[in-house]
Amino acid sequence: MQAPLDATQHIYSRHTNPSGSRFEAILSSLLHAPTLTYASGLSALHAILTYLNPRHVAIGDGYHGSHGVIALHTRLAGTKTLPLECDASELEKGDIVLLETPVNPTGLAFNIEKYAKKAHERGAYLVVDSTFAPPGLQDPFLHGADVVMHSGTKYLGGHSDMLCGVLAVKRAEWVPQMIQDRVFLGNMMGGLEGWLGVRSVRSLEVRVQRQSSNAEHIVRSLDNLLHGKGGGGEEEDTRAVLERIEHASLQKDDLEGPDSWLRKQMPNGFGPVFSLRMKDQEIARRLPSKLRFFHHATSLGGVESLIEWRTLTDATIDRRLLRISVGLESWEDLKGDLVRGFGEVRKEVEQLAKSNGKSA
Ligand SMILES: *Cc1c(COP(=O)(O)O)cnc(C)c1O
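This note's numbering numbers the first residue of the sequence shown as 153 and each following residue consecutively.
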C-alpha cells in the first residue's frame, strides 16, 4: 500500500484540497472521530461499503437512495441484504448493520445501542446514518456506532446550497486506506463545498437545536388539536383531515422513565423532521399548495421550511404521507399556516365529495 496521503500537501484536488481538509478537521472535532467528506451522502455510503465489503447489510426502510447504493454492490459483489430486525445469528463477521435514525421520511427514532449490541455480538459493524440528527442533537458513537454517516447536503450544509457526504470512523487506522479508496472511487467533494461547509458549521448547533425545538412545538400543538378535548374550528379542521403525526417526540413508550434510551440518545431535541399521515391521498396531494410558509419540495435540512408529498420521490411510501422539514421561521407562524391549510383543503375535498355525489 502507498503511504497515506499527507493532507497538508495539496497536490491534486481529488486527493486533498485546502478547504475540504479544513472542513474535515472541524467535522472530526464535532463528530468526535476522524472524518472524511465525499461528493454526496450516497457516495459516502458507497465508500464505506467499498471499504468494508460486507457479505450482508442489514437495513430497514428509510432513505430509498441507500437501497439503490446497496443494489449496486449486490450487482458487483453479490452483497446480500437482510431485514434490520433479522436474527443476530444471520450476521457474520465483517457484515454491516445500517441504521438510519431518526428515519426518513417519518422522523421516528430507533435505539442505536440495541443494534450496536446485535452487530458487535457477531463481529459486524454498526453504521448509523445520522442525517436527521446532526451534532448538537445526537452522537451515535456514545451508543456504540462504528461509523457515522451524514448527508451533509442536509443539516451540516443547512442552506440548501451544497452537496456533501460525511463518514466519521471510530478506528483511525481505517482512514489511510479510505483516503486511497476515495482517490480511485473519484467521489471527492468539490473544493467550493468545503468552503461552504466551513461557513455552515459555524451556525450548526444553533440552527439544528432551534429547528428541532420548532418542530417539537408544532408537533405538540397539532397533536393537541388532534387528540385534545377542545372542540373549536381548528380542532375540527385538524380532525377532519389529519390521521396521525409521526415524530420521535411522540414515541411516548420510549420516552417514559428516567432510563429512557430515547432521552439519552437525543438529549437536546428530537429532530426537525416530522410527518403527517392525512386521512386520504387527495388531502395529502392538495395541502402543500395551500401553504404560504412552506415550499413544496424534496430535500430537507435548510433554514427554510419544506413540505413534501413523499410519494412523488419515493413510490414505496404511503400516498397519504407528507414529510415536513422545519426551518428557522417562527413556529407559531408555521403552525398557524398548517392549520389554516387544513381548513382550506377540508373545504375543498368536502365540496369535491358533494359534486361527485351529485354526478353519481
Ligand atoms: C438525503 C439523504 C441521503 C443521501 O444524501 P445525498 O447527499 O443526497 O447523496 C442519505 N440518507 C438520508 C437519511 C438522507 O436524507
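Think of the CB as a built atom: it goes at the ideal place given N, C-alpha and C, for glycine as much as any other residue.
Starting from residue 461 and walking both ways along the beta strand (DSSP E), at which residues does that stretch end?
Sequence index remark: in the sequence shown, residue 461 carries index 309 (1-based). Per DSSP, residue 461 belongs to the beta strand (DSSP E) from 458–461.
Taking the DSSP output, what are the residues bridged to residue 426?
Within the sequence shown, numbered from 1, the residue matching residue 426 stands at position 274. Residue 426 is bridged to 476.
Entirely within the stretch 335–422 and at least 3 residues each: give me those beta strand (DSSP E) ranges in chain order.
394–398
Taking a contact to mean a Cβ-Cβ separation below 8 Å, would you say residue 473 touches residue 429 in this structure?
By 1-based counting over the sequence shown, the position of residue 473 is 321. By 1-based counting over the sequence shown, the position of residue 429 is 277. Cβ atoms of residue 473 and residue 429: closer than 8 Å.
What residue from 389, 292 and 399 has the CA that sits closest to residue 490's CA?
Taking the first residue of the sequence shown as position 1, residue 490 is located at position 338. Taking only the C-alpha atoms, the option nearest residue 490 is 389.
In three-state DSSP terms, what is residue 156?
Counting from one through the sequence shown, the residue named residue 156 turns up at place 4. Reliability fails at residue 156, whose pLDDT of 47 lies under 50, so the model's placement of it is uncertain and the value that follows must be treated cautiously. Coil at residue 156, not helix or strand.
According to the Cβ coordinates, are residue 398 and residue 259 closer than 8 Å?
Locating residue 398 in the sequence shown gives position 246, counting from the first residue. Locating residue 259 in the sequence shown gives position 107, counting from the first residue. In this structure, residue 259 lies closer than 8 Å to residue 398 by Cβ.
State buried or exposed for residue 506, treating a residue as buried only when at least 16 other CB atoms are found within 10 Å of its CB.
For the purposes of this step, residue 506 is taken as the residue at position 354 of the sequence shown. Residue 506 is exposed by the Cβ-count criterion.
By the three-class DSSP mapping on this structure, what secondary structure does residue 272 have?
Sequence index remark: in the sequence shown, residue 272 carries index 120 (1-based). It is helical.
Determine the contact status of residue 525 and residue 335, defining contact as a CB-CB distance below 8 Å.
In the structure as shown, the chain begins at 153 and stops at 512. Residue 525 is therefore absent and cannot be evaluated.
Straight-line gap, residue 468 to residue 163 (C-alpha atoms, nearest Å):
For this step, residue 468 is matched to residue 316 along the sequence shown. For this step, residue 163 is matched to residue 11 along the sequence shown. Taking the straight line joining both Cα atoms gives about 45 Å.
Beta-carbon proximity list for residue 421, same chain, < 7 Å, skipping 5 on both sides:
On the sequence shown, position 269 is the one that residue 421 refers to. 289, 361, 364, 365 and 368.
Measuring CA to CA, which of 504, 246 and 255 is closest to residue 212?
Taking the sequence shown and counting its residues from 1, the one referred to as residue 212 is at position 60. For the residues 504, 246 and 255, the minimum Cα distance to residue 212 belongs to 255.
Please go through the same chain and pick out, in chain order, the residues whose beta-carbon is closer than 6 Å to the beta-carbon of residue 475, but skip the five residues on each side of it.
Start at 1 with the first residue of the sequence shown, and residue 475 comes out as number 323. Excluding sequence neighbours, residue 475 sits near 257, 427, 460 and 462.
Spell out a yes or no on whether the stretch 407–424 and the stretch 261–270 are touching, meaning 3 or more CB-CB pairs, one atom from each, closer than 8 Å.
yes
Nearest to residue 251 (by Cα), restricted to the options 279, 239, 244 and 274
For the purposes of this step, residue 251 is identified with residue 99 of the sequence shown, where counting begins at 1. When each option's Cα is compared against that of residue 251, the closest is 279.
In this structure, how does DSSP classify residue 497 when only helix, strand and coil are distinguished?
As a first step, residue 497 must be located in the sequence shown, where it is residue number 345. Of the three classes helix, strand and coil, the one that applies to residue 497 here is helix, per DSSP.
May I ask whether a heavy atom of ligand 1 can be found less than 7 Å away from the beta carbon of residue 305?
Stepping through the sequence shown from its first residue, residue 305 is reached at position 153. Within the cutoff, so yes.
Can you give the Cα-Cα distance for residue 285 and residue 186, rounded to whole angstroms?
By 1-based counting over the sequence shown, the position of residue 285 is 133. By 1-based counting over the sequence shown, the position of residue 186 is 34. One C-alpha to the other measures close to 19 Å.
Under the three-state DSSP convention, the category residue 181 falls into:
Here the question's residue 181 lines up with position 29 in the sequence shown. Secondary structure at residue 181: helix, using DSSP grouped into helix, strand and coil.
Does DSSP classify residue 514 as helix, strand or coil?
Lying before the first or after the last residue shown, residue 514 is absent from the chain, which here runs from 153 to 512.
Rounded to the nearest angstrom, what separates residue 345 and residue 351 at their Cα positions?
Mapped onto the sequence shown, residue 345 falls at position 193. Mapped onto the sequence shown, residue 351 falls at position 199. Spanning the two alpha carbons is a distance of roughly 10 Å.
Quick check on this structure: which residue in 482, 495 and 406 has the alpha carbon closest to the alpha carbon of residue 440?
As a position in the sequence shown, residue 440 is number 288, starting the count at 1. The candidate whose alpha carbon is nearest that of residue 440 is 495.
On the CB-based measure, 16 or more other CB atoms within 10 Å of its CB, does residue 177 come out buried or exposed?
In the sequence shown, residue 177 corresponds to position 25, counting from 1. So residue 177 ends up on the exposed side.
Can the beta-carbon of residue 322 be found less than 8 Å from the beta-carbon of residue 298?
In the sequence shown, residue 322 corresponds to position 170, counting from 1. In the sequence shown, residue 298 corresponds to position 146, counting from 1. Going by C-beta atoms, residue 322 is nearer than 8 Å to residue 298.
Please list, in chain order, all residues of the same chain as residue 337 whose beta carbon is under 8 Å from its beta carbon, the five residues on each side excluded.
Against the sequence shown, residue 337 aligns to sequence position 185. Counting only Cβ-Cβ distances below 8 Å, and skipping sequence neighbours, we find 195, 198, 199 and 202.
Determine which residues share a DSSP beta bridge with residue 280 and list them.
Along the sequence shown, one-based indexing puts residue 280 at 128. Answer is 251 and 300, bridged to residue 280.
On the CB-based measure, 16 or more other CB atoms within 10 Å of its CB, does residue 424 come out buried or exposed?
Taking the sequence shown and counting its residues from 1, one reaches residue 424 at position 272. The residue in question, residue 424, is buried, as its Cβ has 16 or more Cβ neighbours within 10 Å.
Examine ligand 1 and report whether any of its heavy atoms sits within less than 7 Å of the Cβ of residue 284.
For the purposes of this step, residue 284 is identified with residue 132 of the sequence shown, where counting begins at 1. Yes, the beta carbon of residue 284 sits closer than 7 Å to at least one heavy atom of ligand 1.
Pick from 249, 449, 371 and 224 that is closest to residue 488, judged by C-alpha positions:
Within the sequence shown, residue 488 is the residue found at index 336, counting from 1. Comparing Cα positions, the closest option is 371.
Under 6 Å Cβ to Cβ from residue 443, same chain only, skipping five residues before and after it: list those, please.
By one-based count along the sequence shown, residue 443 stands at place 291. Correct list, in chain order: 489 and 493.
Taking the alpha helix (DSSP H) that residue 202 falls in, what are its first and last residues?
Residue numbering aside, residue 202 sits at position 50 when the sequence shown is read from its first letter. Counting along the chain, the alpha helix (DSSP H) containing residue 202 begins and ends at 193–204.
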